[in-house]
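Numbering (this note's numbering), first residue to last: 206 to 397. This report refers to the structure that appears directly beneath it.
This is the structure in structure tokens:
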């Protein structure tokens, strides 16, 4: 048996480290220039009209809750990794060219974003569509092609996280209205 095969067999079996994944998600967002507060600003933009007393703290809390979901973390890490590989020119053509140029007919970036939005129901899809078209705040910066950075996936991911957090707020506010409980006391079904 070769040394490579022996090393492979002696390898410790893979075990998911959820804490490491959560930390990597936040670190990678930060390294790509995205702050939780910027995502929360998008949430505020989406929800302030419906909830005039909404605070930035509530928006940040809901962004944090969305980012704590494993499915969201998987989408964030996958999208950022693909953006980085495209930025470094490490993908094969024609995928390299499509990602590097954020090809309009390449829709896999939106499909990945839908996996985030879907966590909080159909209201998230309308929020996502609106914010993706408008591209305010951090989304405008991530879509700036003159920077030399590739954010084909990240702009959609950030918009999806904001849309999901907005949906979470809407569901929480409805639960608050029905139960009379304060927002911090409300546990949404997906939090269990």
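Where a beta carbon is used, it is the ideal one built from N, C-alpha and C, also for glycine.
- Count the other CB atoms within 10 Å of the CB of residue 385; is the residue buried (16 or more) or exposed (fewer)? exposed
- Query: With distances taken from CA atoms, which of 243, 265, 317, 252 is nearest residue 278?
  - Reply: 317
- Message: Relative to the C-alpha of residue 333, which candidate in 350, 288, 362 has its C-alpha closest?
- Response: 362
- Message: Taking the alpha carbon of residue 358 as the reference point, which residue from 299, 372, 314 has its own alpha carbon closest?
- Response: 314
- Report the rounded CA-to-CA distance for residue 397 versus residue 274, giving the unit in angstroms. Confidence at residue 397 is low in this model, with a pLDDT of 45, below 50, so its placement is unreliable and the value that follows should be read with caution. Computed Cα separation, rounded: 12 Å.
- Query: Residues in its own chain within less than 8 Å of residue 223 by CB, not counting five upstream and five downstream?
  - Reply: 275
- Task: Work out the CA separation of residue 219 and residue 347 for me, nearest whole Å.
- Result: 34 Å
- Query: Does the pairing of the region 259-274 with the region 370-380 give three or more beta-carbon distances under 8 Å?
  - Reply: yes
- Query: CA-CA distance, residue 328 and residue 365?
  - Reply: 12 Å
- Item | residue 225 versus residue 235: straight-line alpha-carbon distance, rounded | 15 Å
- Note down the Cα distance separating residue 324 from residue 367, rounded to an integer number of angstroms. 12 Å
- Item | Close Cβ partners of residue 296 (< 6 Å) along its chain, the five nearest in sequence each way excluded | 290
- Message: By the three-class DSSP mapping on this structure, what secondary structure does residue 313 have?
- Response: helix
- Assign residue 267 to buried or exposed, taking buried as 16 or more other Cβ atoms, counted over all protein chains shown, within 10 Å of its Cβ. buried
- Query: What separation, rounded to the nearest whole angstrom, lies between the Cα atoms of residue 202 and residue 322?
  - Reply: The question about residue 202 has no answer, for the chain in this structure spans 206 to 397.
- Item | Environment of residue 349 [buried if 16+ CB atoms lie within 10 Å] | exposed
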